[in-house]
Ligand code: 5GP
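In the working numbering, the protein residues as written are 285 to 477.
Given below as structure tokens:
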């Protein structure tokens, strides 16, 4: 039998939707699912580790890599660059491993244009009011930054229609169950197994 190719799972969500926690719990609890570690020019937040949460690099280094076509996709979000390193992901997919990308809407739409076999999942916060509360409680942004993140969030939510699945993160455990169910179903799809 021919070895199957891995599936690219893409998750997008407005900041403050609980996406980071969901993705971490997902890769912990689903077999053979690897999270891609993005490169970014933004500064690490307290508690974030280089090489674990992101690979933190300077802007000139990012632009150099972008010119060398080292990213599968990249985007500028909130004034900083974010990119998905290409080589490792293509290697993982080729050897049959499933890869999870946690990227913004612009990046997800770039991957759509590449026509790769991918599954698109969008996480919605229960409400804009709840999202605002989460961003305030996170205490990592100024009042102005929170306002701007909320404006970006509203635009991103409009794009959720372009995703294959929408999951409301009302309760972490049930959102996780939904994500796991989608992954299992996609792995069993005719033509893939
Ligand atoms: P944050 O700074 O809050 O960690 O991330 C900001 C946004 O950038 C989030 O929507 C996050 O998913 C997205 N992001 C993280 N890594 C990448 C990436 O490699 N490519 C793209 N396009 N977006 C990314």
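Glycine included, each C-beta is placed from N, C-alpha and C at the ideal position.
Which residue's Cα is closest to the Cα of residue 357: 432, 431, 293, 370?
Translated into the one-based positions of the chain shown, residue 357 becomes position 73. Checking every option, the nearest Cα to that of residue 357 belongs to 370.
On a Cα-Cα basis, can you pick out the residue from 385, 332, 435, 344 that is closest to residue 415?
Translated into the one-based positions of the chain shown, residue 415 becomes position 131. It is 435 whose Cα lies nearest to the Cα of residue 415.
In three-state DSSP terms, what is residue 334?
Here residue 334 refers to the residue found at position 50 when the chain shown is read from its first residue. Correct three-state label for residue 334: strand.
If contacts are defined as beta-carbon pairs under 8 Å, then residue 377 and residue 310 qualify, I think. What distance do you get, rounded to the angstrom?
Here residue 377 corresponds to residue number 93 of the chain shown, with the count starting at 1. Here residue 310 corresponds to residue number 26 of the chain shown, with the count starting at 1. 18 Å between Cβ atoms; not a contact.
Which residues mark the beginning and the end of the beta strand (DSSP E) in which residue 364 is found?
By 1-based counting over the chain shown, the position of residue 364 is 80. It spans 364-369 - the beta strand (DSSP E) in which residue 364 sits, taken as one unbroken run.
The segment 390-407 in contact with the segment 291-298 per 3-pair CB rule at 8 Å
yes
Confirm, please, whether the CB-CB distance from residue 396 to residue 427 is below 9 Å.
Taking the chain shown and counting its residues from 1, the one referred to as residue 427 is at position 143. Taking the chain shown and counting its residues from 1, the one referred to as residue 396 is at position 112. Not a contact, by the Cβ cut-off of 9 Å.
Taking 9 Å as the threshold (C-beta atoms), are residue 388 and residue 355 in contact?
Along the chain shown, read from residue 1 onward, the residue named residue 355 stands at position 71. Along the chain shown, read from residue 1 onward, the residue named residue 388 stands at position 104. Taking a C-beta distance under 9 Å as the contact criterion, residue 355 and residue 388 do not qualify as a contact pair.
So residue 321 packs on residue 339, CB below 8 Å; how close in whole Å?
Position 37 of the chain shown, counted from the start, is the residue given in the question as residue 321. Position 55 of the chain shown, counted from the start, is the residue given in the question as residue 339. Yes, residue 321 and residue 339 are in contact; Cβ-Cβ is about 6 Å, under 8 Å.
Determine the DSSP secondary structure at residue 474, reduced to helix, strand or coil.
Within the chain shown, residue 474 is the residue found at index 190, counting from 1. Residue 474: coil per DSSP, three-state reduction.
Which ranges would you report for the alpha helix (DSSP H) in the segment 393-463 if only whole runs of at least 4 residues count?
412-422, 427-442
Per-residue DSSP class, three states only, for residue 329
For the purposes of this step, residue 329 is taken as residue 45 along the chain shown, with counting starting at 1. Here residue 329 sits in coil by DSSP.
Cut-off 8 Å between Cβ atoms - residues of its own chain near residue 348, not counting five sequence neighbours on either side
Within the chain shown, residue 348 is the residue found at index 64, counting from 1. Around residue 348: no qualifying Cβ.
Under the criterion of a Cβ to heavy atom distance below 8 Å, does residue 318 qualify as lining the ligand 5GP?
Here residue 318 refers to the residue found at position 34 of the chain shown. It does not: the Cβ of residue 318 is nowhere closer than 8 Å to a heavy atom of the ligand 5GP.
To which residues does DSSP link residue 383 through a beta bridge?
For the purposes of this step, residue 383 is taken as the residue at position 99 of the chain shown. 292, 318.
Count the other C-beta atoms from every protein chain shown that fall within 10 angstroms of the C-beta of residue 454, then say buried if there are 16 or more, exposed otherwise.
Reading the chain shown from its first residue, position 170 is the one you call residue 454. Label assigned to residue 454: exposed.
Can you find a heavy atom of the ligand 5GP that lies under 8 Å from the Cβ of residue 390?
Along the chain shown, read from residue 1 onward, the residue named residue 390 stands at position 106. At least one heavy atom of the ligand 5GP is nearer than 8 Å to the Cβ of residue 390, so yes.
When you compare only the Cα positions, how much space is there between residue 346 and residue 363?
Taking the chain shown and counting its residues from 1, one reaches residue 346 at position 62. Taking the chain shown and counting its residues from 1, one reaches residue 363 at position 79. Going from the Cα of residue 346 to the Cα of residue 363 covers about 13 Å.
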